[in-house]
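In this note's numbering, the protein residues as written are 2 to 532.
Note that CB positions come from ideal geometry on N, CA and C, so glycine has one too.
The structure appears below as structure tokens.
Now the structure itself:
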């Protein structure tokens with residue numbers, strides 16, 4: 002790496018730090034779940050060692066450390082400024098199982114130790130080739146025998162289209178050096194293009210721009226000041242080198258690593274492809290790498306979250322429903338109204354639009370129970386008991402249990418929102434207690450951000466009332482205590498509440514208490530409360 006490259010990276014990140022974000026797919030639970038389904042005997046999530054490369058200010062690693070006190074976490078980043086912020090959070094939260102190191106990942110050696118799970122989100126495509134090589138070296142040399150490494154990166158063919166947007170933005174800001182202004186100009190161009198393709202008089206872009214429209218609209222919706230760092234460090238990074246999947250797999254193989262599966266498990270499944278299409282792919286595919294690459298071609302994939310393991314690890318790529326029986330299960334899906342006339346088939350729809358339908362009474366009973374207790378996850382064995390109870394019996398036949406496991410695995414392969422499988426069940430509390438307590442890191446982060454991680458390692462957006470309430474949920478305050486604090490702020494004029502005439506309730510104090518109750522219920526549903 003040239004000296005200029007080494008110096009530019011930390012300088013840019015110090016001036017405009019990467020936002021504090023968590024990534025659901027990087028959690029050891031997800032990595033362990035996906036690996037277990039392919040027969041890899043992964044380490045226990047509750048007692049594991051985790052290394053994150055490019056950890057920024059710890060937004061991804063800190064909530065893991067809080068939720069898994071029996072595990073050990075190490076974060077490495079080139080930016081001393083962001084590592085300082087992460088270390089300050091460790092001190093404030095009094096966490097003893099996590100450490101952050103300001104260092105170049107090229108300098109990491111086996112002396113740092115071995116880790117059961119290694120995470121590198123947003124690094125591989127955004128660093129020079131020598132650093133990419135070092136990243137895979139660390140993922141091999143520092144990975145435990147049965148360990149799993151997660152690496153995200155930009156991919157072709159999808160990035161052939163996205164690179165056009167990047168190049169247009171770079172041209173638009175070619176004369177500007179200030180990073181804040183560059184981000185502003187980037188957002189300005191995206192907004193201009195979004196308006197242009199919506200102008201029916203402009204036919205110059207043709208059919209291609211129709212497919213571009215969704216991308217531009219999404220980018221324009223994200224045109225907020227806090228998204229500047231994402232634009233600068235992703236789309237406009239000095240290094241942004243997409244690869245074809247086969248190239249990444251080949252590079253990993255050079256370091257003694259093999260493709261395991263995608264952390265977005267359904268993306269490694271052909272379920273959203275027609276039988277004819279998948280049959281045609283099978284005719285030309287000789288290896289798992291071929292299959293994954295051709296599915297990328299069909300899907301025009303632009304981004305991957307790939308799991309790797311050691312090349313000598315023995316895998317079983319036949320999905321066996323028996324492996325589901327050792328996991329915990331949850332769902333985000335709800336049953337949708339039956340079609341008329343009622344055909345006896347129950348249909349469950351997830352928030353991402355995925356649909357699962359079945360006429361199996363046991364599976365229907367199980368999914369109904371999971372929907373009723375959502376977002377909590379329960380062990381498969383307990384779910385079997387609950388399904389039996391809903392069927393009016395004390396136990397299920399072995400064939401029913403196997404069929405239930407198979408259906409759950411099938412739904413999981415469609416969408417992780419239809420059915421969630423967990424090697425480790427997040428300790429979600431779905432009811433508001435007398436003294437509610439939110440996770441310490443979410444309370445800490447709410448003081449400076451309107452986006453916090455929940456116990457399921459998801460990003461949650463806080464409205465102004467939730468952002469005020471969340472830090473108060475430390476287990477020492479009741480609902481009435483918080484209401485009294487809000488009343489005092491209202492009476493002192495420090496808090497202003499908008500007129501409530503439209504809702505039929507003009508008294509702001511009454512509306513504030515009503516909204517507080519709604520907020521507390523929402524906090525529970527959002528998986529922010531701990532036991």
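Taking residue i as part of the alpha helix (DSSP H), name the residues at either end of that continuous run.
i: residue 469; result: 465–470
i: residue 29; result: 29–38
i: residue 454; result: Segment 452–454 is the beta strand (DSSP E) holding residue 454; no alpha helix (DSSP H) there.
i: residue 284; result: 276–285
i: residue 295; result: 289–300
i: residue 84; result: 81–94
i: residue 486; result: 480–493
i: residue 135; result: 130–142
i: residue 517; result: 509–526
i: residue 102; result: Here residue 102 belongs to no alpha helix (DSSP H); instead the beta strand (DSSP E) covers 99–103.
i: residue 412; result: 399–415
i: residue 446; result: 441–447
i: residue 65; result: 63–68
i: residue 251; result: 246–255
Leaving out the 5 sequence neighbours to the left and right, which residues in its chain are closer than 6 Å to residue i when beta-carbon positions are compared?
i: residue 505; result: Bear in mind that the predicted position of residue 505 carries a pLDDT of just 47, short of 50, making it too unreliable to give a figure here.
i: residue 242; result: 126
i: residue 96; result: 66
i: residue 431; result: 377 and 525
i: residue 550; result: As displayed, the chain neither begins before 2 nor continues past 532, which places residue 550 out of reach and without an answer.
i: residue 384; result: 330 and 367
i: residue 452; result: 460 and 462
i: residue 62; result: 53, 56, 74 and 76
i: residue 81; result: 103
i: residue 401; result: 363
i: residue 33; result: 43, 46 and 424
i: residue 346; result: 358 and 360
How would you write the range of the beta strand (DSSP E) that residue i sits in, first residue to last?
i: residue 173; result: From DSSP, residue 173 is part of no beta strand (DSSP E) but of the alpha helix (DSSP H) over 159–173.
i: residue 1; result: With the chain covering 2 to 532 only, the question about residue 1 has no answer from this structure.
i: residue 392; result: It is not in any beta strand (DSSP E) - residue 392 carries neither H nor E in the DSSP assignment.
i: residue 118; result: 116–121
i: residue 337; result: 335–337
For residue i, I'd like the list of residues in its chain whose CB is within less than 7 Å of its CB, leaving aside the five on either flank, ordered along the chain.
i: residue 39; result: 261, 262, 316, 317 and 318
i: residue 437; result: 474, 521 and 530
i: residue 42; result: 147
i: residue 325; result: 381, 406, 409, 410 and 422
i: residue 1; result: Here the chain comprises residues numbered 2 to 532, so residue 1 is not present and cannot be evaluated.
i: residue 93; result: 445
i: residue 240; result: 127, 128 and 129
i: residue 179; result: none
By Cβ distance, which residues of its chain are closer than 8 Å to residue i, with the 5 residues on each side in sequence left out?
i: residue 72; result: 29, 46, 47, 48, 49, 50, 51, 65, 66 and 98
i: residue 273; result: 267 and 415
Looking only at DSSP bridge pairs, what is residue i linked to?
i: residue 307; result: 152 and 263
i: residue 423; result: 329
i: residue 359; result: 347
i: residue 461; result: 453
i: residue 380; result: 329
i: residue 53; result: 76 and 120
i: residue 438; result: 475
i: residue 258; result: 311
i: residue 530; result: 439
Would you call residue i buried or exposed, if buried means 16 or more other Cβ atoms sit within 10 Å of its Cβ?
i: residue 226; result: Note that residue 226 has pLDDT 46, beneath the 50 cutoff, so the model's placement of it is unreliable and no number is given.
i: residue 397; result: buried
i: residue 442; result: buried
i: residue 193; result: exposed
i: residue 476; result: exposed
i: residue 394; result: exposed
i: residue 121; result: buried
i: residue 360; result: exposed
i: residue 187; result: buried
i: residue 123; result: buried
i: residue 337; result: exposed
i: residue 172; result: exposed
i: residue 132; result: buried
i: residue 470; result: buried
i: residue 519; result: exposed
i: residue 492; result: exposed
Give me the Cβ distance between residue i and residue j, rounded to the nearest whole Å; I'm assuming they're in contact under 8 Å.
i: residue 429; j: residue 528; result: 5 Å
i: residue 415; j: residue 264; result: About 16 Å; that fails the 8 Å criterion.
i: residue 355; j: residue 282; result: Between residue 282 and residue 355 the Cβ distance is about 21 Å, and since that is not below 8 Å, they are no contact.
i: residue 489; j: residue 517; result: Actually they are not in contact, since the Cβ atoms of residue 489 and residue 517 sit about 13 Å apart, beyond 8 Å.
i: residue 58; j: residue 21; result: 6 Å
i: residue 293; j: residue 269; result: 7 Å
i: residue 312; j: residue 254; result: 7 Å
i: residue 427; j: residue 466; result: The Cβ separation is near 25 Å, so there is no contact.
Does the beta carbon of residue i fall short of 7 Å from some heavy atom of the ligand MG?
i: residue 477; result: With respect to the ligand MG, the structure shown offers nothing to examine, as it has no ligands at all.
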